[in-house]
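Asker: Below is a structure I'd like to ask you about.
As structure tokens, then:
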């Protein structure tokens, strides 16, 4: 077992993503929120760009962003996995890709956050220290018996965001492994083993636009050392990280608790910063799906975001609103947001003015 | 013979594509069918009279009870067995696959549930995708996995339907897993418990 001995220190927040929902973004965290809309309307596009370090302090500074919610998110992941181990699965041929992922994550975290993570290597003898989670582990790289879990599960219990590993065969990508506990309503257990078109089958409108064919062609050319990123988004009532189809009967009714008075407090824009990395040994592709929750009350403190969020929610295609699960509350959301939109033009791009 | 003209609704991207069985040269021909799939097998044998002498047919009645075993029996296959159900057919199939030679042509015909499960087992044994042909005939009932309890309900006719394992009312999502050979069923009244629309017969 991975025995968490969390140390919140002065930076990490002790908060919950279920039950009493004490999750909240600090003012600094609101300012660095990855607001996903670069214009006043939204429709699917491939929208992939190089995942390069930009804007120190932003979510784009490091390959894998560790923020104030890290320790609590890892505690929430352990809670979800204890209830449902099927949220983490790896088909037998994916173990090497799991080691690739472990190496990528440990190297990145130790390089970018030396105050929290250290990695010491001597040949295949590795020593990993994760101070915030209280982990000190010596193990043999590529020897699964030297870790308490398989390599993918071991490391993704220690990194924010969901992860999937895609095997490449027959000019297609196959989702053959994953750690999925912070998802926007999709089931790894159902989708594992599917190819790129199969697992995207339920997405409306995008197939007809040829989005997935273009995206797959692009991803098959992905090179090691040249990762890419894109945004996706949805809406979540209450800061619930784990909106899994498996537990929908437990959280679905929260969607009916929205009133005109509590929209700002209840509604959260859920942004996925998705990044893709070609892995060196397995030639698999690692897909990081990092979810950020932004309370409407907080987002509208940035005037540009308030105006733009109103226009996007008001005008988004109803099929997309339904797929993203907020058709029921769209009118209440639009009414509430309209009070934060004075009709002024907005500047291009996602950043606050 | 059962009406073989029943058609599936427009396909979705995660669902297998079904064609029409066509004879291919092969050392052996493994034929797996249920219900009205017997008609597709008869058409296949008629298209190439050479198949029968090298064919092994596994057959079971369809999910609607339709039993065209007499059609199969009359084809003169080298080997033909009638199984009592899909699970018992798959049990026999596992034994047959132990001895299957490379280059054996595989033909699947009948209901989506039978085709999906047989294809899953064939591929698990390493039969290449291109050596498997599939033709849908007859019943359009669905095999559905409850995304909540993971139980599979066979021969689903209505939407919504009651999960045969956990009892939740599920709607059938147009999302299909080849690994499970099943569609996905999702709780229909999660947001407003008890608000369950009347079941509509969608699959027959």
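Chains as they are written, first to last, in the working numbering: chain A, 1 to 353; chain B, 354 to 557.
Glycine residues also receive a C-beta, built at the ideal position from the N, C-alpha and C atoms.
In its own chain, which residues sit with a C-beta less than 8 Å from the C-beta of residue 422 of chain B, not counting the 5 before and 5 after it?
Answerer: Numbered from 1 along the second chain, position 69 holds the residue referred to as residue 422 of chain B. Within the same chain, residue 422 of chain B has close Cβ partners 391, 412, 414, 435.
Asker: Can you give me the C-alpha to C-alpha distance between residue 371 of chain B and residue 320 of chain A, rounded to a whole angstrom?
Answerer: Stepping through the second chain from its first residue, residue 371 of chain B is reached at position 18. Stepping through the first chain from its first residue, residue 320 of chain A is reached at position 320. About 30 Å.
Asker: Taking 8 Å as the cut-off, decide whether the C-beta atoms of residue 154 of chain A and residue 165 of chain A are in contact.
Answerer: By one-based count along the first chain, residue 154 of chain A stands at place 154. By one-based count along the first chain, residue 165 of chain A stands at place 165. Not closer than 8 Å, so no.
Asker: So residue 194 of chain A contacts chain B; which residues on that side make the cut at Cβ distance below 8 Å?
Answerer: Locating residue 194 of chain A in the first chain gives position 194, counting from the first residue. What residue 194 of chain A touches in chain B: 367, 530, 531, 532.
Asker: Smallest Cα separation from residue 236 of chain A: which of A/40, A/67, A/182?
Answerer: The residue labelled residue 236 of chain A in the question sits at position 236 within the first chain. Nearest C-alpha to residue 236 of chain A: A/182.
Asker: Hey, out of A/12, A/62, A/31, A/103, whose CA is closest to residue 71 of chain A's CA?
Answerer: By one-based count along the first chain, residue 71 of chain A stands at place 71. Out of A/12, A/62, A/31, A/103, A/12 has the C-alpha closest to the C-alpha of residue 71 of chain A.
Asker: Tell me, which residues are paired with residue 385 of chain B by DSSP?
Answerer: As a first step, residue 385 of chain B is located in the second chain; it is residue number 32 there, counting from the start. Beta-bridge pairing links residue 385 of chain B to B/411, B/461.
Asker: How should residue 355 of chain B be labelled, buried or exposed, when 16 other C-beta atoms within 10 angstroms of its C-beta is the threshold for buried?
Answerer: For the purposes of this step, residue 355 of chain B is taken as residue 2 along the second chain, with counting starting at 1. With a pLDDT of 35 at residue 355 of chain B, under the threshold of 50, the modelled position of that residue is not reliable, and the figure given next carries that caveat. The residue is buried, with at least 16 neighbouring Cβ atoms inside 10 Å.
Asker: Determine whether the Cβ of residue 516 of chain B lies closer than 8 Å to any Cβ atom of chain A.
Answerer: For the purposes of this step, residue 516 of chain B is taken as residue 163 along the second chain, with counting starting at 1. False, the Cβ-Cβ gap to chain A never drops below 8 Å.
Asker: Between residue 407 of chain B and residue 426 of chain B, what straight-line distance do the alpha-carbon atoms span, to the nearest angstrom?
Answerer: The count along the second chain starts at 1 and reaches residue 407 of chain B at position 54. The count along the second chain starts at 1 and reaches residue 426 of chain B at position 73. Roughly 15 Å between the two C-alpha positions.
Asker: Starting from the C-beta of residue 487 of chain B, find all residues in its chain whose C-beta is less than 6 Å away, skip the five residues before and the five after it, and write them out in chain order.
Answerer: Position 134 of the second chain, counting from 1, holds the residue named residue 487 of chain B. Excluding residues up to 5 positions away in sequence, 371, 461, 468 lie with their Cβ nearer than 6 Å to the Cβ of residue 487 of chain B in the same chain.
Asker: Are there 16 or more other CB atoms within 10 angstroms of the CB of residue 101 of chain A, so buried, or fewer, so exposed?
Answerer: Counting from one through the first chain, the residue named residue 101 of chain A turns up at place 101. Flag for residue 101 of chain A reads buried.
Asker: Is the beta carbon of residue 157 of chain A less than 8 Å from the beta carbon of residue 74 of chain A?
Answerer: Looking up residue 157 of chain A in the first chain gives position 157. Looking up residue 74 of chain A in the first chain gives position 74. Cβ distance < 8 Å, so residue 157 of chain A and residue 74 of chain A count as in contact.
Asker: Can you give me the start and stop residues for the alpha helix (DSSP H) that residue 48 of chain A sits inside?
Answerer: For this step, residue 48 of chain A is matched to residue 48 along the first chain. Neither: residue 48 of chain A is in no alpha helix (DSSP H) and is coded neither H nor E.
Asker: Give a yes or no on whether the C-beta atoms belonging to residue 558 of chain B and residue 416 of chain B are separated by under 8 Å.
Answerer: Residue 558 of chain B is absent from the structure shown; chain B starts at 354 and stops at 557.
Asker: Please name the residue, chosen from B/500, B/453, B/470, that lies closest to residue 480 of chain B on a Cα-to-Cα basis.
Answerer: The residue labelled residue 480 of chain B in the question sits at position 127 within the second chain. Comparing Cα positions, the closest option is B/453.
Asker: Per DSSP, what kind of secondary structure is residue 288 of chain A in: helix, strand or coil?
Answerer: Counting from 1 along the first chain, the entry for residue 288 of chain A is found at position 288. DSSP places residue 288 of chain A in strand when its eight states are reduced to three.
Asker: Starting from residue 252 of chain A, find everything on chain B with Cβ-Cβ shorter than 9 Å and list it in chain order.
Answerer: Indexing the first chain from 1 puts residue 252 of chain A at position 252. Residues of chain B passing the Cβ test: 540, 542, 543, 544, 545, 546.
Asker: Decide if the stretch 272–282 of chain A is in contact with the stretch 216–229 of chain A; the criterion is three or more beta carbon pairs, one per stretch, under 8 Å apart.
Answerer: yes
Asker: Ignoring anything shorter than 4 residues, give me the alpha helix (DSSP H) runs that lie fully in the stretch 216–265 of chain A, in order along the chain.
Answerer: 248–251
Asker: Sorted by chain position, which residues of the same chain lie with C-beta nearer than 7 Å to residue 80 of chain A's C-beta, five sequence neighbours on each side aside?
Answerer: One-based indexing of the first chain puts residue 80 of chain A at position 80. Answer for residue 80 of chain A: 87, 181, 242, listed in chain order.
Asker: Rounded to a whole number of angstroms, what is the C-alpha to C-alpha distance between residue 245 of chain A and residue 185 of chain A?
Answerer: Your numbering for residue 245 of chain A matches position 245 in the first chain. Your numbering for residue 185 of chain A matches position 185 in the first chain. So the alpha carbons of these two residues sit roughly 5 Å apart.
Asker: Could you check which residue in A/253, A/171, A/194, A/249 has the C-alpha nearest to that of residue 218 of chain A?
Answerer: Here residue 218 of chain A refers to the residue found at position 218 when the first chain is read from its first residue. Ranking A/253, A/171, A/194, A/249 by Cα distance to residue 218 of chain A puts A/171 first.
Asker: Near residue 62 of chain A, which residues of its chain fall below 6 Å by C-beta distance, leaving aside the five closest residues on each side in sequence?
Answerer: Walking along the first chain from the start, residue 62 of chain A turns up at place 62. For residue 62 of chain A, where only same-chain residues beyond five positions count, the Cβ hits under 6 Å are 112.
Asker: Between residue 396 of chain B and chain A, is there a C-beta pair that is closer than 8 Å?
Answerer: Reading the second chain from its first residue, position 43 is the one you call residue 396 of chain B. Not closer than 8 Å to any Cβ of chain A, the Cβ of residue 396 of chain B fails to qualify, so no.
Asker: In its own chain, which residues sit with a C-beta less than 6 Å from the C-beta of residue 442 of chain B, not counting the 5 before and 5 after it?
Answerer: As a first step, residue 442 of chain B must be located in the second chain, where it is residue number 89. 411, 413, 436, listed in sequence order.
Asker: Would you list, in chain order, the members of the stretch 484–497 of chain B that have their beta-carbon closer than 9 Å to a beta-carbon of chain A?
Answerer: none
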